[in-house]
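A.B. asks:
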Amino acid sequence: MFGYARFPVLLLCAGLISLGCSAGKTNLIGSEKIIEKSGDKPDWVKKIPRENDEYYFFRGFKTSALTLEDGLTDARSNAIRQVLEMIQSQGLVDYKKARVESGLADRREDIGSITEDGLKILSKTVASGVKELESYTEKVERYTPNGIRYNFNVYTLVRYPRAEFDKAVALAAQEQQAEVRAKNNAQAQEVLDQLDKGLPTK
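Numbered according to mature numbering (1 follows the signal peptide of the UniProt record, and there is no 0), the sequence shown spans residues -23 to -1, 1 to 179.
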């Protein structure tokens, strides 16, 4: 009789334990932890090395990549995009400076389109000049409503030679000079001549 009386109590305890485990799993949803690393996290992940006389440095990254290969590809693409942004930003600065020095200032709105096309040409040379120096990866275990999922965080350090930047600017200027000559745009040609001073010719 005493044994039968304990049976409901045992069932109740088992039910409470089961509910506790279920609640514990629910509380884990959204949490994540790193379960694998390619090594110690390098300093450049948080602080990108400063540029020097020869190179610019960039850190590309991709978080929550579905596969390690996708993460590496996207991290490199992210770094290249940063190089392009730097080159385009500097290109626009040089363009505006040359325009002012030529006395053209903002008198011709259509001159702006000349540099945009030139920067597109310039961008095509960037990828070949980017060199990957090091990568750091993390495998992350994440709890979701549909179960445990695994993702990857990838960081890539690349460098871009200053000499390549000069070549890219020269190429863009030369290509645009040919286009401008065809259009007989004397004012835009004057700006491009300013940009091309001291740069190698074909």
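Glycine included, every Cβ here is placed at the ideal spot set by N, Cα and C. Given the structure is predicted, the values throughout are model-derived calculations rather than measurements.
(1) Can you tell which of 134, 170 and 122 has its C-alpha closest to the C-alpha of residue 57?
(2) Less than 7 Å between C-beta atoms, sequence neighbours within five positions excluded: which residues of the same chain meet that for residue 55?
(3) How about residue 19: is its Cβ closer than 7 Å to a heavy atom in the ligand NAD?
(4) Return yes when the Cβ of residue 9 is within less than 8 Å of the Cβ of residue 117, no when it is not.
(5) Just reading off the alpha helix (DSSP H) that residue 105 is part of, what are its end residues?
(6) Spatial neighbours of residue 28 within its chain, please: C-beta separation below 7 Å, excluding the five flanking residues on both sides.
(7) What distance in whole Å lies between the Cβ atoms of residue 13 and residue 139, which are believed to be in contact at a cut-off of 8 Å?
(8) Provide the residue(s) that pair with residue 42 in DSSP beta bridges, ordered along the chain.
(9) Where does residue 126 land, buried or exposed, given buried means 16+ other C-beta within 10 angstroms?
(10) Within 10 Å of its beta-carbon, does residue 17 have 16 or more other beta-carbons around it, so buried, or fewer, so exposed?
(11) Taking C-beta to C-beta, are residue 128 and residue 41 nearer than 8 Å?
(12) To the nearest angstrom, report how far apart residue 44 and residue 110 are at their CA atoms.
(13) Nearest-angstrom Cα distance between residue 142 and residue 60?
(14) Using the Cβ count rule (16 or more neighbours within 10 Å means buried), how would you classify residue 198?
C.D. replies: With the structure as the only source:
(1) 134
(2) 37, 38 and 39
(3) Looking at this structure, you won't find the ligand NAD or any other ligand, since it has none at all.
(4) yes
(5) 103 to 106
(6) 34
(7) Wrong, their Cβ atoms sit about 37 Å apart, outside the cutoff.
(8) 129
(9) exposed
(10) exposed
(11) yes
(12) 21 Å
(13) 10 Å
(14) The requested residue 198 is not part of the displayed model; the chain covers only -23 to 179.
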